[in-house]
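The structure under discussion appears below in the form of structure tokens.
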Amino acid sequence: MKLIIKLFTIGFILFLNQSVTAQTYIVNASRAYFHNQPNTETKRTAYVILGDKVEVLESRTGWAKVIYKASNTIGWMRSEVLSIEKLSKVQCERAYFHNLPNTESRLNSYVITSDNVQVLAELDGWKKVIFYGAKKNTVGWLQNTCLQTSNISDLIEMINNYEDVAVNRPKVYAVIVGVSTYSTAQNNRGVSNLQYSDDDAYKMYEFLKSPNGGQLPSSQIKLLVNEEASLANVLFHSKNLYKKAQPQDLILFYFSGHGGPNTFVGYDKNITHTEIKEILNSSPAKKKLCVADACHSGSLGNSNGSNRASSSAEMIDNYYEALAATSDGIALFLSSKADEYSIEVSDFGQGVFTYYYIEGLKGYADNDHNGIITIEELYDYTRKQVEDYTRNGGRLQRPQLKGTFDHQMPVGVTN
């Protein structure tokens, strides 16, 4: 009965949404290229940028034919780079923009009561927005408490996140940890702050919330960055989230930050590899993946189809079906060997390993073009790209894949 009600409600909302919403969409990527046809082989030099408005003329699975009226440019674009026009009204007297979704990154620019902003992304009590100003556009993060939202898509998201007991497909539970700014105590121990580890975590989180990453609901993923990534917090949230998993599920632990021999360096204290492995092993889930972008992460392992495009819903279904078909085990995907450094660079604004890891999950690692990215395909792609990049930079970094696991375990989908 719940399933019937849910499907009816979603169908009604989608019908209503299509009936009353104009076909204007907002570009949510820093740069989105036009294509002559709905495929990746026909990319053109013309592009639009973050915040530009386009009108959708035609839709196909995974693609939209759009017109950018400012230059009268028409072409095909990936649907994932477009967001439905969704305005929020500012309800605070003065709401400051932030570089990142945290209170420490406040900018000088702000919006005031009754200003309208376009929502581009949402993350744990924050919204990434664009304000179309008279002289220039401003992009940044605002706290939800300063925004009013009235859009049918919020109700759709709420329904999609509702746990449907009639569906017994595998689930993914993920804890994402990133530390760039360490506590004074850690600094006094000689731990320096990093530039991009928190960005690594934010980008990993956003990817896992996307269709290609499995579109995880908030109840199945926890993000811990900087001061939130204390030893107590990491252990508490990992234990509590992973214990929800069932035997058929996959649990993921991701860490970006400093590492030492057999440790991850948390915000206030070190987190031993033994502690992480004990938490992973205590979960009922039989499929486990640990991903680490940290110096000395390599020591963690040293211890006793079809080419056709798919819709987001179909991609996600394919991912979970493939996950259900794989055997049990634990995979350790590590950014470097035990005696190597893991490098972060300004070219990417994040760690080299995490950058190519996510790029692989976006589709570049799908070597057999069947729409399913396996852990083995992702490792092959990431290892080659990281080794090539760091070799040219003079400091070789060689990712490692260790453990006992099914090498066909799916870790992502693509269209």
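Residues 20 to 434 (our numbering) are what the sequence shown spells out, left to right.
Ideal Cβ placement from N, Cα and C applies to all residues, glycine included.
The structure presented is a predicted model; accordingly, all values stated were derived computationally and were not measured.
{"Asked": "Status (buried if at least 16 other CB within 10 Å, exposed otherwise) for Glu-112", "Found": "exposed"}
{"Asked": "Backbone CA spacing between Glu-378 and Asp-71 [nearest angstrom]", "Found": "24 Å"}
{"Asked": "Contact the stretch 140 to 159 vs the stretch 75 to 90: 3+ CB pairs below 8 Å", "Found": "no"}
{"Asked": "Distance CB(Tyr-151)-CB(Ile-103) smaller than 8 Å", "Found": "no"}
{"Asked": "Three-state secondary structure (DSSP) of Lys-222", "Found": "helix"}
{"Asked": "Any beta strand (DSSP E) of 3 or more consecutive residues that is wholly inside the stretch 244 to 323", "Found": "269 to 275, 282 to 284, 289 to 291 and 306 to 312"}
{"Asked": "Secondary structure, beta strand (DSSP E): runs of 3+ residues fully inside the stretch 93 to 146", "Found": "101 to 103, 106 to 109, 113 to 117, 125 to 131 and 135 to 142"}
{"Asked": "Closer than 7 Å: Leu-260 CB and nearest the ligand GDP heavy atom", "Found": "By its list of ligands, the structure shown contains no ligand whatsoever, and the ligand GDP lies outside what it can speak to."}
{"Asked": "Boundaries of the alpha helix (DSSP H) in which Phe-372 is found, first to last residue", "Found": "371 to 378"}
{"Asked": "Opposing strand residues paired with Ile-45 [DSSP bridges]", "Found": "Lys-72 and Ser-102"}
{"Asked": "Short Cβ contact (8 Å threshold) for Gln-416 with Glu-359", "Found": "yes"}
{"Asked": "Runs of beta strand (DSSP E) lying entirely within the stretch 352 to 418, each at least 3 residues, in chain order", "Found": "391 to 393"}
{"Asked": "Distance between Ile-391 and Pro-418 (C-alpha atoms, nearest Å)", "Found": "21 Å"}
{"Asked": "Opening and closing residue of the alpha helix (DSSP H) in which Gln-162 lies", "Found": "Gln-162 -> not in any alpha helix (DSSP H); beta strand (DSSP E) instead, spanning 156 to 162."}
{"Asked": "contact_flag[the stretch 239 to 259, the stretch 190 to 206] where n(CB pairs < 8 Å) is 3 or more", "Found": "yes"}
{"Asked": "Separation of Thr-393 from Pro-429, as counted between CA atoms", "Found": "4 Å"}
{"Asked": "Distance, Ser-275 Cα to Lys-241 Cα", "Found": "14 Å"}
{"Asked": "Per-residue DSSP class, three states only, for Gln-205", "Found": "helix"}
{"Asked": "Pairwise C-alpha distance: Gln-167 and Thr-200", "Found": "31 Å"}
{"Asked": "Option nearest Asn-58 by Cα separation, candidates Glu-77, Glu-74, Trp-95 and Thr-64", "Found": "Trp-95"}
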